[in-house]
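What follows is a set of notes on a single structure, which appears directly below.
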Amino acid sequence: MRSVNNERKLLCWSVLALSMLALFLAESMTHVNAHPMLIEVAEQGERCLRLNIPEDDDAHMVFLSLPSESFENDDQTGSPDWTKNYSGIENHFLNQMQDLTNRRTKNGSLLRKFPEKPPQDVQNSMNSFISSNESKSGCTVKLTNPKSTSSRSFNTHWFIPLVINHLRKAVRTEKKDRESSPLEGYEACFQNENDYPVHFILDSVMVGEGPEYDDDDNASEDPTFQGHHLTPLANLLEESIKSAKVVITEMQYMERREARMRHTADNINSRVRFFSYISIAILFVVTFLQVSYLKRYFKKKKLL
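Read in order, the letters of the sequence shown are residues -26 to -1, 1 to 278 in mature numbering (1 follows the signal peptide of the UniProt record, and there is no 0).
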């Protein structure tokens, strides 16, 4: 019994250790996440960043435009009411950007919208800003590969993420650049055409260069079914867990059967012992009767 328990504990710990190791390896081989970055673009200004991405890899990019805390309306005196909760707005979208880059669609791309709705105070501040301004931010994100003629511009909207999946395919626009444009050296420029500063939150996810996926709106956006769930390592791990569960179930059944048989054996032993006591008692009684009978018989015959 003790040996069976020890073997079962050893098997459980082994499966747990293999599961943790496999998940760590799968996560490390599938993608590498970066932390969101916040930059400010001055009014009527432009700011560019160099994206240092390895040549043999691909990347997903997410951009979000936010009005600056120093925003002022022409028909209002002082700061608008929505700026009082600006730190809450900024913290909410920073957290949402990080959650967005941690989720995947079935083909390994990023979702095109934030996974959670904003809190009520943040939503009220957003509505207050949108009610007095247009939904378009007046800012443009331009992605360029300096080593080729490939470039692409994207308009942004307030509080709505701009998701660019598979950057290499999204930026390439000419057939002649399909084979000659490396992923290294891409540049992202933020152009602000407003009369006030604008904040940009950006994040990137580097992924291995796999199949070419279309960057369209028809991609599945199921957050519970992520790309790394389809890796062969995960499939092998799932089969190992199923086999381990079968072995543990069999061992538990054997343990229950052993307990049942031990109870049956103890019950039989107790019955045999009780029958032995009765047999011995009957033997003593018969012996006493036989001796008494022989004694009376000899006395009657006057042999004693």
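From the three backbone atoms N, C-alpha and C, an ideal C-beta is built for every residue, glycine too.
- Taking the CA atoms as reference points, residue 72 sits about 58 Å from residue 236.
- Segment contact: the segment 63 to 83 against the segment 172 to 183, three or more CB-CB distances shorter than 8 Å; contact assigned.
- In the displayed model, residue 118 falls within a strand according to three-state DSSP.
- DSSP lists 136 and 176 as the beta-bridge partner residues of residue 37.
- Beta-bridge pairing by DSSP links residue 160 to 25.
- About 5 Å separates the beta carbons of residue 179 and residue 34, which is inside the 8 Å limit, making them a contact pair.
- Here DSSP, grouped into helix, strand and coil, assigns residue 64 to helix.
- For residue 25, the closest C-alpha among the options 162, 114 and 18 is that of 162.
- By the C-beta criterion, the segment 213 to 227 is judged not to be in contact with the segment 74 to 93, since fewer than 3 inter-stretch pairs fall below 8 Å.
- In the three-state scheme derived from DSSP, where H, G and I count as helix and E and B as strand, residue 238 is classed as helix.
- Cβ atoms of residue 135 and residue 87 come within 8 Å of each other, at about 7 Å.
- Looking from the CA of residue 111, the closest CA among 170, 91 and 225 belongs to 170.
- Around the CB of residue 32, 16 or more other CB atoms lie within 10 Å, so the residue is classed as buried.
- Less than 9 Å divides the Cβ of residue 127 from the Cβ of residue 116.
- CA-to-CA, the gap between residue 276 and residue 263 works out to about 20 Å.
- CA-to-CA, the gap between residue 255 and residue 232 works out to about 35 Å.
- Inter-residue distance for residue 56 and residue 219 is about 55 Å (C-alpha atoms, whole angstroms).
- Residue 262 sits in a helix when the DSSP states are folded into three classes.
- Only buried fits residue 60, as 16 or more other CB atoms lie within 10 angstroms of its CB.
- Put simply, of 249, 80, 119 and 129 the residue whose alpha carbon is nearest the alpha carbon of residue 160 is 119.
- Between the alpha carbons of residue 267 and residue 249 lies a distance of about 27 Å.
- Here the alpha carbon of residue 259 sits roughly 27 Å from the alpha carbon of residue 241.
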